[in-house]
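In our numbering, the protein residues as written are 2 to 50.
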């Protein structure tokens, strides 16, 4: 795939749709883990109060 002018540096090395989808899946997992951690942290803080 050719790079677009506004393409982030982190995706410039991806050459196939499969690589791009794998990168997106990894980012999705990371976002989910971060949201889950934040939710659990908020619940723990409420239990203290």
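Every residue gets a Cβ at the ideal spot worked out from N, C-alpha and C, and that includes glycine. Since the structure is predicted, the reported quantities are computational estimates derived from the model, not experimental observations.
* Who are the near neighbours of residue 41 in its chain, counting only those whose CB is closer than 8 angstroms to its CB and skipping five residues on each side? -> none
* Expressed to the nearest angstrom, what Euclidean distance is found between the alpha-carbon atoms of residue 29 and residue 49? -> 31 angstroms
* To do: Take residue 11 and list the residues in its own chain whose beta-carbon comes closer than 8 angstroms to its own, dropping the five residues that flank it on each side.
  => 24
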